[in-house]
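Note that our numbering has the sequence shown beginning at 1, numbered continuously upward.
The beta-carbon is built from N, C-alpha and C at its ideal position, and this holds for glycine as well.
Worksheet: one structure, shown below.
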Amino acid sequence: MSLLMIDLDNFKSVNDTYGHVAGDEVLKTFATRGNILFRATDLFARIGGEEFVALLVGTDKAGALLVAERLRSSIAESSIRTSAGSIRVTASVGLAAVTMKDRSVTSSLRRADKALYRAKESGRNRVEVAP
């Protein structure tokens with residue numbers, strides 16, 4: 001099992017430039033794309049603001065990395081149509097494999113969140129894997 005922490009890069013500027021209605025449309029479109037990309041056995045949810053989490057059941061780190069890269073590139077390579085026009089966004093992803101060393105889901109989420117922070121600090125629009 002693996003966890004992905006996903007953040008839409010510089011999302012505040014989307015709201016500031018295009019308005020909150022367009023920002024909401026971007027979030028809805030991203031959520032729809034995620035629901036299409038992830039399997040029915042996976043859990044994909046918005047956890048606040050522009051941040052999402054995905055729990056990939058039965059997926060090891062290598063498989064999760066493929067999924068994360070596919071999600072990241074599908075967002076980066078296409079515009080999202082909104083009432084304010086087409087908007088291009090990118091996403092940063094932190095990935096953590098859930099291991100027996102993790103005492104709880106919280107510790108796995110913490111590792112994925114640290115990897116997400118590294119992705120953002122390293123320039124955004126990238127996937128970082130937790131050790």
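What does DSSP give as the partner residues of residue i in its beta bridges?
i	result
Leu43	Leu55
Ser86	Arg81
Val21	Paired residues: none, contrary to the question.
Ala64	Partner(s): none; Ala64 has no beta bridge.
Gly94	Met5, Glu128
For residue i, which residues from the same chain have a beta carbon less than 7 Å from its beta carbon, with the 5 sequence-adjacent residues on both sides left out?
i	result
Asp9	Val89, Thr90, Ala91, Ser92, Arg124, Asn125
Can you check which of these residues, the options, is closest to residue i by C-alpha distance?
i	options	result
Ala40	Gly49, Gly58, Ser104, Phe30	Gly58
Val98	Val127, Ser73, Arg72, Ala64	Ala64
Asn15	Leu4, Thr82, Lys114, Pro131	Thr82
Asp42	Thr17, Ser78, Met1	Met1
Leu71	Ala84, Tyr18, Phe52, Ala115	Phe52
Glu121	Gly94, Pro131, Arg33	Gly94
Leu4	Met100, Arg46, Ser78	Arg46
Pro131	Ala76, Lys61, Ser78	Lys61
Gly19	Ser86, Leu66, Ser78, Ala31	Ser86
Glu25	Met100, Ser78, Ala84	Ala84
Can you round the beta-carbon distance between residue i and residue j to whole angstroms, since I take them to be within the 8 Å contact cut?
i	j	result
Ala96	Ala112	4 Å
Ala115	Val129	6 Å
Ile6	Ala54	7 Å
Glu50	Leu66	23 Å between Cβ atoms; not a contact.
Apart from the five residues just before and just after residue i, which ones in its own chain have a Cβ nearer than 6 Å to its Cβ?
i	result
Gly23	Val14, Asn15
Thr29	Ile80
Ala68	Leu4, Val93, Leu95, Val127
Asp102	Ser108
Phe11	Glu50
In its own chain, which residues sit with a C-beta less than 8 Å from the C-beta of residue i, not counting the 5 before and 5 after it?
i	result
Ser74	Arg33, Leu37
Tyr117	Gly94
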